Amino acid sequence: MNTKDMSSYAKLDTRIVRVISAAARFRARIGDEDMNLILAKVNRLEIVKVASDGLKVVQEVPVFGRIETIKLFRPKGENRDSLLILTAKNHLAIVAWDVEKNELITRAAGSVCDRVGRPSDYGPIACVNKSGLIALRIYDGTLKIIQWEDNKDLKSFNVRFEDLAIVDLSFIESQGDSIRLAYISQDSNGRHLKTVELSLVDKELKTISKQIESLGETTIAECLVYLDNGVLFVGSRFGDSQLVRLTSQPHAESNSFVQILQTFTNLAPIRDIAVMECDGQNQIITCSGAFKEGSLRIIRNGIGIDEAASVDIPGVKGIFTLKIGSKLDNYLIISLSSETHILAMNGEELEDTQLLGLYMSYT
-3 MNTKDMSSYA
7 KLDTRIVRVI
17 SAAARFRARI
27 GDEDMNLILA
37 KVNRLEIVKV
47 ASDGLKVVQE
57 VPVFGRIETI
67 KLFRPKGENR
77 DSLLILTAKN
87 HLAIVAWDVE
97 KNELITRAAG
107 SVCDRVGRPS
117 DYGPIACVNK
127 SGLIALRIYD
137 GTLKIIQWED
147 NKDLKSFNVR
157 FEDLAIVDLS
167 FIESQGDSIR
177 LAYISQDSNG
187 RHLKTVELSL
197 VDKELKTISK
207 QIESLGETTI
217 AECLVYLDNG
227 VLFVGSRFGD
237 SQLVRLTSQP
247 HAESNSFVQI
257 LQTFTNLAPI
267 RDIAVMECDG
277 QNQIITCSGA
287 FKEGSLRIIR
297 NGIGIDEAAS
307 VDIPGVKGIF
317 TLKIGSKLDN
327 YLIISLSSET
337 HILAMNGEEL
347 EDTQLLGLYM
357 SYT
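The sequence shown begins at -3 in our numbering and counts up one residue at a time.
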């Protein structure tokens, strides 16, 4: 490489800017008076107040370890919730908010590692029963059951768990003293909902039957948090998170029991990015989301990042910009798996159009 080539490389200016916080998992916490939402972000907990006019961050609490999963539960006979935290090194802690001290206190803690076992490819999953019984899926083939009582040591045992690809797990209400769990498993044919009954005496799981009914459709959920008065928070990793209300009667037009109250923008995951100039200002266009949540997002530089426009286009493979009869970019080429779309920039709107000489589909 000659000196001229080296000088051209020396002029390159590289900037790395963090434009949004790390991806988070969401869970809820209810205090004595206020209702709150808890967001777990890598190694800290973010406490958000749920008010009539929306959500407001009120406090952040550091956690010593990388949070893998958290689970909210209200112990039997108590009027405040506690929170189970599981870290990447399989350390478990049960914490609660001390109203008088205005800080988190640890009610129990310990390691839940086994000497042998293959960690699940789907990551750890936790669920807690109101009696204090905890179920952890950390290793393939086993389900760890932990019996927790306040001011006592954690006691645990393993039960055989034949399904390997477990997506989620939860305790469900049951009659009498029986303990039942529901879980979603995945195989080559899709996902399946199964219910089992846990025997604490025999230390085994027994399969039982269950009937389900569809209420409606939301964004692809990473977690579900019931708040109050039929309001549910849907946290998504593949699209925008939502605050929805479950109604007793279906909507007249959509026949859905789900009403969307508020949407929380999530740019991730980003498959492709294009930079285009419009009105003398650079804009970033991203292929955001995945599966049915795929969309185009237009982002403008400023003090903060606000979504300028959104177009729902699932399955986008790439995006390109064109200048035709203009000094600025005025066309957007959208590449899909089997066809191509051309969008014309008309003010602040995008219109689907065609250009002569371009093949719009593949056969």
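Glycine is no exception: its CB is placed at the ideal position from the N, C-alpha and C atoms.
Nothing here was measured: the structure is a model prediction, and the numbers come from that model.
Contact check, Val57 vs Leu51, beta carbons under 8 Å: Here residue 57 corresponds to residue number 61 of the sequence shown, with the count starting at 1. Here residue 51 corresponds to residue number 55 of the sequence shown, with the count starting at 1. Contact: no.
Helix, strand or coil: which one does DSSP assign to Phe287? Here residue 287 refers to the residue found at position 291 when the sequence shown is read from its first residue. Helix at Phe287.
Status (buried if at least 16 other CB within 10 Å, exposed otherwise) for Lys206: Your numbering for residue 206 matches position 210 in the sequence shown. So Lys206 counts as exposed.
Identify whether Ile309 lies in helix, strand or coil by the three-state DSSP scheme. Here residue 309 is taken as the residue at index 313 of the sequence shown, counted from 1. Three-state DSSP puts Ile309 in coil, outside helix and strand.
What is the DSSP secondary structure of Lys126, counted as helix, strand or coil? As a position in the sequence shown, residue 126 is number 130, starting the count at 1. For Lys126, the three-state secondary structure derived from DSSP is coil.
Measuring CB atoms only, is the region 70 to 83 touching the region 255 to 271, in the sense that at least three cross pairs come out at less than 8 Å? Contact fails: fewer than three Cβ-Cβ distances are below 8 Å.
In chain order, what residues of the same chain lie with their CB nearer than 6 Å to the CB of Gly226, ignoring the 5 residues before and after it? Within the sequence shown, the letter at position 230 stands for residue 226. Result list for Gly226: Arg241, Leu242, in chain order.
Give me the Cα-Cα distance between His188 and Ser331, rounded to the nearest whole angstrom. To locate residue 188, count along the sequence shown from 1; it is residue 192. To locate residue 331, count along the sequence shown from 1; it is residue 335. Approximately 33 Å between the Cα atoms of the pair.
For Cys109, collect the residues of the same chain with a Cβ closer than 6 Å to its Cβ; drop the 5 residues on either side in sequence, then sort them by chain order. Taking the first residue of the sequence shown as position 1, residue 109 is located at position 113. Answer for Cys109: Asn86, listed in chain order.
Separation of Ile320 from Cys274, as counted between CA atoms: Position 278 of the sequence shown, counted from the first residue, corresponds to residue 274. Position 324 of the sequence shown, counted from the first residue, corresponds to residue 320. Near 13 Å, if we compare the C-alpha coordinates of Ile320 and Cys274.
Looking only at C-alpha atoms, which of Asp49, Asp183, Ser333, Val307 sits nearest to Leu339? Locating residue 339 in the sequence shown gives position 343, where the first residue counts as 1. Per the Cα distances, Val307.
Extent of the continuous beta strand (DSSP E) to which Tyr222 belongs: The residue given as residue 222 occupies position 226 in the sequence shown. It spans 219 to 224 - the beta strand (DSSP E) in which Tyr222 sits, taken as one unbroken run.
Secondary structure of Ser195, DSSP reduced to three states: Here residue 195 refers to the residue found at position 199 when the sequence shown is read from its first residue. Here Ser195 sits in strand by DSSP.
Closest by C-alpha distance to Asp90, when choosing among Ala270, Gly290, Ala104: Here the question's residue 90 lines up with position 94 in the sequence shown. First, the amino acid is wrong: residue 90 is Ile here, not Asp. The residue with the shortest Cα to Cα distance from Ile90 is Ala104.
From Pro310 to Asn154, what does the alpha carbon distance come to, in whole angstroms? Position 314 of the sequence shown, counted from the first residue, corresponds to residue 310. Position 158 of the sequence shown, counted from the first residue, corresponds to residue 154. Each residue's alpha carbon lies about 42 Å from the other.
Ser152 versus Gly106: straight-line alpha-carbon distance, rounded: Locating residue 152 in the sequence shown gives position 156, where the first residue counts as 1. Locating residue 106 in the sequence shown gives position 110, where the first residue counts as 1. The straight-line gap from Cα to Cα measures roughly 11 Å.
With a threshold of 7 Å on Cβ separation, who are the neighbours of Ile101 within its own chain once the five nearest residues in sequence on each side are excluded? As a working mapping, residue 101 is identified with position 105 in the sequence shown. Here the set comprises Val91, Ala92, Asp94.
Is there contact here, the region 163 to 173 with the region 141 to 152, by at least three beta-carbon pairs under 8 Å? no
Let's see if you can read the secondary structure: which residues bound the beta strand (DSSP E) around Gln171? As a working note, residue 171 is residue 175 in the sequence shown. Unbroken run through Gln171: none, as it is neither H nor E.
Tell me which residue opens and which closes the beta strand (DSSP E) that Cys274 is part of. Position 278 of the sequence shown, counting from 1, holds the residue named residue 274. The continuous beta strand (DSSP E) containing Cys274 extends over residues 266 to 274.
By DSSP's criteria, Val54 is part of a beta bridge. Which residues make up the other side? By 1-based counting over the sequence shown, the position of residue 54 is 58. Looking at the DSSP assignment, Val54 forms no beta bridge with any residue, so it has no partner.
How would you call Lys323, buried or exposed, if buried means at least 16 neighbouring beta carbons within 10 angstroms? Here residue 323 refers to the residue found at position 327 of the sequence shown. Lys323 comes out exposed.
Cβ of Cys392 within 8 Å of Cβ of Gly231? Absent from the structure is residue 392, since the part of the chain shown begins at -3 and ends at 359.
If we count the other Cβ atoms within 10 Å of its Cβ and call it buried at 16 or more, is Ser237 buried or exposed? Against the sequence shown, residue 237 aligns to sequence position 241. Counting other Cβ atoms within 10 Å of its Cβ, Ser237 reaches 16 or more and is therefore classed as buried.
CA-to-CA distance, Leu318 to Ala24, given in whole angstroms: Within the sequence shown, numbered from 1, the residue matching residue 24 stands at position 28. Within the sequence shown, numbered from 1, the residue matching residue 318 stands at position 322. The predicted model places Ala24 with a pLDDT of 45, which falls under 50 and marks its position as unreliable, so this point remains unresolved.
What are the boundary residues of the beta strand (DSSP E) that Asn154 is part of? Counting from one through the sequence shown, the residue named residue 154 turns up at place 158. From DSSP, the beta strand (DSSP E) with Asn154 extends over 151 to 156.
Restricting to Cα atoms, I'd like to know which of Leu132, Asn326, Asn98 is closest to Ile66. Counted from its first residue, the sequence shown places residue 66 at position 70. Taking only the C-alpha atoms, the option nearest Ile66 is Leu132.
Assigned exposure category for Ser333 - 16 Cβ within 10 Å defines buried: As a working mapping, residue 333 is identified with position 337 in the sequence shown. Classification for Ser333: exposed.
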